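Peer 1:
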Amino acid sequence: MSETKYLLFLGCVIPYRLSSYEISTRKVLAKLGVDVVEMPEFNCCGYPMDSVNHDLMLTLAARNLCVAEKQGLEILALCNGCFCSLNETNKMLKEDKELREKINGYLKEINMEFKGTTEVKHLVHVLAEDVRFEKIKNAVKRPLTNLYVAQHSGCHLVRPTKFVEHGDDPENPKMLKDLIKLTGAECVDYQDEARCCGNPIIGVNEEVPFEMAREKLDHMRVAKAEAMITVCPFCHLMFDLNQPRIEKTFNEKFEMPVLHYPQLLGLAMGFSPEELALNTLRVKPVKLLEKLRTN
Amino acid sequence: MTYEEKSVSSKFSDEIRHRLGGETIAFCYQCGTCASSCPVAKVTDKYNPREIIKLSLLGARKEIVAGDTIWLCCSCYNCQERCPQEVEIADVIYTLRNIAIQEGNVPDIYVAFAEGISNEGRIVPVSKFAEKKREEYGLPPIKPANMDALRKILQATSFSKIQFKKGEAQ
Ligand code: SF4
Ligand code: SF4
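So the protein lines, in turn, are chains A and B.
In terms of this note's numbering, the first sequence opens at residue 1 and continues consecutively.
In terms of this note's numbering, the second sequence opens at residue 1001 and continues consecutively.
1. Check each candidate in A:Pro200, A:Phe250, A:Pro40 and name the one with the smallest Cα separation from A:Met49.
2. When burial is assigned at 16 or more other CB atoms within 10 Å of the CB, is A:Lys121 buried or exposed?
3. B:Leu1057 by DSSP, collapsed to three states: which one?
4. Tell me whether A:Pro173, by its Cβ, gets closer than 7 Å to a heavy atom of ligand 2.
5. For A:Gly198, go through chain D and note every residue whose CB falls closer than 7 Å to its CB, in chain order.
6. Beta-carbon within less than 7 Å of A:Gly116's beta-carbon, same chain only, minus the 5 sequence neighbours each way: which residues are those?
7. Determine whether the Cβ of B:Asn1146 lies closer than 8 Å to any Cβ atom of chain A.
8. Could you list which residues in chain A have their beta carbon closer than 7 Å to that of B:Thr1033, in chain order?
9. Going by beta carbon distance, what residues of the same chain come within less than 6 Å of A:Cys155, once the five residues before and after it are set aside?
10. Counting C-beta neighbours from all protein chains within 10 Å, is the total for B:Gly1032 16 or more, i.e. buried, or is it exposed?
11. Kindly list the residues whose CB is nearer than 6 Å to the CB of A:Ala225, restricted to its own chain and excluding five residues on each side of it in sequence; keep chain order.
12. Show which residues of chain A have a CB atom less than 8 Å away from the CB atom of B:Ser1127.
13. Here's the rule I'm using: 16 or more other beta-carbon atoms within 10 Å means buried, otherwise exposed. How should A:Val231 be labelled?
14. Span of the beta strand (DSSP E) holding A:Ile75?
15. So B:Val1040 and B:Cys1073 are in contact, right, with Cβ under 8 Å, and what is the actual spacing, rounded?
16. Any contact between the segment 1149-1157 of chain B and the segment 51-64 of chain A? By contact I mean 3 or more CB pairs, one from each, below 8 Å.
17. Please confirm whether any heavy atom of ligand 1 lies closer than 7 Å to the CB of B:Arg1050.
18. Any contact between the segment 1087-1096 of chain B and the segment 1015-1023 of chain B? By contact I mean 3 or more CB pairs, one from each, below 8 Å.
19. Among A:Asn205, A:Leu10, A:Arg17, A:Lys27, which one has its Cα closest to the Cα of A:Gly266?
20. The alpha helix (DSSP H) with A:His54 in it runs from where to where?
21. If we define contact as Cβ-Cβ less than 8 Å, is A:Met1 a contact residue for chain B?
22. By how many angstroms is the C-alpha of B:Ala1114 removed from the C-alpha of A:Ala268?
23. Hey, out of A:Ala77, A:Thr183, A:Gly105, whose CA is closest to A:Phe133's CA?
24. Is there contact here, the segment 1054-1062 of chain B with the segment 1122-1134 of chain B, by at least three beta-carbon pairs under 8 Å?
25. I want to verify the contact list: residues of chain B whose CB lies under 8 Å from the CB of A:His260, in sequence order.
26. Report the three-state DSSP secondary structure of A:Met49 (helix, strand or coil).
27. Between the C-alpha atoms of A:His166 and A:Val124, what's the straight-line distance to the nearest angstrom?
28. What residues from the segment 91-115 of chain A come within 7 Å of chain B, judged by C-beta to C-beta, listed N to C?
29. Would you say B:Val1040 touches ligand 2, meaning its beta carbon is less than 7 Å from a heavy atom?
30. Taking a Cβ distance cut-off of 9 Å, strictly less, list which residues of the segment 1102-1114 of chain B are near chain A, in chain order.
31. Please list, in chain order, the chain A residues whose beta carbon lies closer than 8 Å to that of B:Asn1098.
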């Protein structure tokens, strides 16, 4: 199994609603020598169905895992939710024989069988553990000095630690911070960094997640962050797409650009803002780009 | 009889314990660490994970299953990481949602998700417009999911039997 070749799992949301994440990821990975193989006919990772029917969630995830096993590749997920359900299912089915037999019973209907021969990684793990810091550092051509940003790792990249085994601190995640520092930018500390964006419940209640996101934006502003860095489409939609509505609801101005980590890294690697689809962000990073120009 | 007077191993808590994800519920000793770790509880007093666990243990099935509170968990796993009794709180709440949905308490958003899964195998529908945009960006096309296979999975896992409409919980 090649160390730098993965089956790319885009999930439901990124391909149609957040191309900027996909575009910047592909650009950066190609330049770092990481091969991605497209995943034909993928289905939902299962995450949205966990609340509905646990067996279905496991079986949807397991079908995707079977596709990866057949191709002999590890899965690279860009979304925290996809990473969570695919990784959790992979671990559970490997460890629990009874459960594996049950889910394989469902998969038999479609002539598939979970064997337990693949691994699931998030983009952050691939960059930090497989590509490694040295190589990323060498690829940085235009360090983003004097730029102050805040990380938002989101929840499922680091929790639950029962299934996420990459040694990051669930209360104070460091992996994304270290990756940010490689770009030359400063990664500021702020209050309650490990806290959730609120997006998972936005379909049932808007008030609560808006208040959760507002608090996070406020804490970042207090720490003087000039941008926020995310690694999940749901977190990104919450803070970028919804930011104008959050501002309106609370009668506050944040104007906090929200960049996908590969956009930040891409800028440091010398890609233009257009190549990284920065122009498609809802909160325009005007000041940030101006600062980088005059740096 | 009030809930407090009932035994903590109610019929409902047994039902939960015997489902995947619900196994740890009875370890709870009501310390409240979960509630004080919860980002949702921090911004609204409508939500309290300790209370959900308590009512479930005490057998308040209808209140939990037909109520709104279980849908407010963000599944952030903060509480679960900190619970001194290793109660898998977020997983227990998923289990409670599975039961609620079986009983007909289905928030609209899950009706929409279920439709997406049933029709396309994904929650965001394949669209010609979005495909065109992908082409403009130079991104490879997204193929439709294998619906023949997925329909069989939906049948096998009994998902197809769930009634996705709003109704009174039993
Ligand atoms: S933290 Fe654990 S033991 Fe304490 S109240 Fe919450 S579920 Fe119960
Ligand atoms: S998992 Fe749910 S109950 Fe636990 S802290 Fe997060 S939002 Fe609160």
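C-beta atoms are modelled at their ideal positions from N, C-alpha and C, and glycine is treated no differently.
Everything numeric in this text was worked out from a predicted model, so none of it was measured.
Peer 2: The relevant details are as follows:
1. For A:Met49, the nearest C-alpha among the options comes from A:Pro200.
2. Under this definition A:Lys121 is a buried residue.
3. Residue state, collapsed to three classes: helix.
4. Judged by the Cβ position, A:Pro173 fails to qualify as a neighbour of ligand 2 at the 7 Å threshold, every heavy atom of the ligand being at least this far.
5. Protein chains A and B are contained in the structure displayed, whereas chain D is not.
6. For A:Gly116, where only same-chain residues beyond five positions count, the Cβ hits under 7 Å are Leu93, Lys94.
7. Judged by the 8 Å Cβ criterion, B:Asn1146 is in contact with chain A.
8. None at all; the shortest Cβ gap to chain A is about 13 Å.
9. Cys196, listed in sequence order.
10. Taking all protein chains shown into account, B:Gly1032 has fewer than 16 neighbouring C-beta atoms within 10 Å of its C-beta and is therefore exposed.
11. For A:Ala225, where only same-chain residues beyond five positions count, the Cβ hits under 6 Å are Tyr148, Val149, Ala150, Val188.
12. Within chain A, Tyr16 have C-beta atoms less than 8 Å from the C-beta of B:Ser1127, given in sequence order.
13. A:Val231 sits buried, since 16 or more C-beta atoms from the chains shown fall within 10 Å of its C-beta.
14. Segment 74-77, the beta strand (DSSP E) holding A:Ile75.
15. Cβ-Cβ separation between B:Val1040 and B:Cys1073: approximately 7 Å, consistent with a contact (criterion under 8 Å).
16. Yes, the segment 1149-1157 of chain B is in contact with the segment 51-64 of chain A.
17. The answer is yes for B:Arg1050.
18. Judged by Cβ distances under 8 Å, the segment 1087-1096 of chain B makes contact with the segment 1015-1023 of chain B, as three or more pairs qualify.
19. Considering only alpha carbons, the answer is A:Lys27.
20. In the DSSP assignment, A:His54 falls within the alpha helix (DSSP H) that extends over 54-71.
21. Only weak support is given to the placement of A:Met1: the predicted model assigns it a pLDDT of 42, under 50, and the value that follows is read from those uncertain coordinates. Taking Cβ atoms only, chain B never reaches closer than 8 Å to A:Met1, which makes this a no.
22. Cα-Cα distance, rounded: 41 Å.
23. Ranking A:Ala77, A:Thr183, A:Gly105 by Cα distance to A:Phe133 puts A:Thr183 first.
24. Taking 8 Å as the limit for Cβ pairs, the verdict is that the segment 1122-1134 of chain B does not touch the segment 1054-1062 of chain B.
25. What A:His260 touches in chain B: nothing, since even the nearest Cβ is about 14 Å away.
26. Three-state result, A:Met49: helix.
27. If you take the alpha carbons of A:His166 and A:Val124, they lie about 10 Å apart.
28. Going along the segment 91-115 of chain A in chain order, one finds Tyr106, Glu109, Ile110 with a Cβ nearer than 7 Å to chain B.
29. Taking the Cβ of B:Val1040 as the reference point, at least one heavy atom of ligand 2 falls within a distance shorter than 7 Å.
30. From the segment 1102-1114 of chain B, only Gln1102, Val1106, Pro1107, Asp1108, Ile1109, Tyr1110, Ala1112, Phe1113, Ala1114 have a Cβ closer than 9 Å to chain A.
31. Neighbours of B:Asn1098 on chain A, chain order: Ser51, Val52, Asn53, His54.
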